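Numbering (this note's numbering), first residue to last: 11 to 88. Data first, discussion second: the structure below is written as structure tokens.
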């Protein structure tokens, strides 16, 4: 059973599954992990899960970067 399945089994009857519950659970779990724990979990991901994780990270990081940028969307600096 992978980490997500374990978390789901532990909390499925305790939380509603709405965004707020998921955010609270996510932050609580992350606060308990150190770098080595995170790297261990990442090493256990299947290839597709790893690519999905990286995709989410890239998309979120780029959205934040563009949101903080003063350039209007659709305009590029050459």
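For each residue, glycine too, the CB sits at the ideal point set by N, CA and C. Remember, predicted model here, so these are calculated numbers, not experimental data.
* 8 angstroms CB neighbourhood of residue 52 in its chain, flanking five on each side removed -> Sequence index remark: in the chain shown, residue 52 carries index 42 (1-based). Contacts found: 60, 63.
* Do you know offhand how far residue 47's Cα is from residue 79's? -> The count along the chain shown starts at 1 and reaches residue 47 at position 37. The count along the chain shown starts at 1 and reaches residue 79 at position 69. So the two alpha carbons sit approximately 33 angstroms from each other.
* Report the rounded CA-to-CA distance for residue 33 versus residue 27, giving the unit in angstroms. => Taking the first residue of the chain shown as position 1, residue 33 is located at position 23. Taking the first residue of the chain shown as position 1, residue 27 is located at position 17. Rounded to whole angstroms, residue 33 to residue 27 spans 10 angstroms at the Cα level.
* To do: Return the Cβ separation of residue 35 and residue 25 in integer angstroms, given the expectation that the two are a contact with Cβ distance under 8 angstroms.
  => Sequence index remark: in the chain shown, residue 35 carries index 25 (1-based). Sequence index remark: in the chain shown, residue 25 carries index 15 (1-based). Sure, about 7 angstroms apart at Cβ, within 8 angstroms.
* To do: With a cut-off of 8 angstroms on the beta carbons, I'd call residue 39 and residue 17 a contact; round off their distance for me.
  => One-based indexing of the chain shown puts residue 39 at position 29. One-based indexing of the chain shown puts residue 17 at position 7. With a Cβ gap of about 7 angstroms, residue 39 and residue 17 count as contacting.
* Nearest neighbour of residue 13, chosen from 44, 29, 55 [CA to CA] -> Position 3 of the chain shown, counted from the first residue, corresponds to residue 13. Per the Cα distances, 55.
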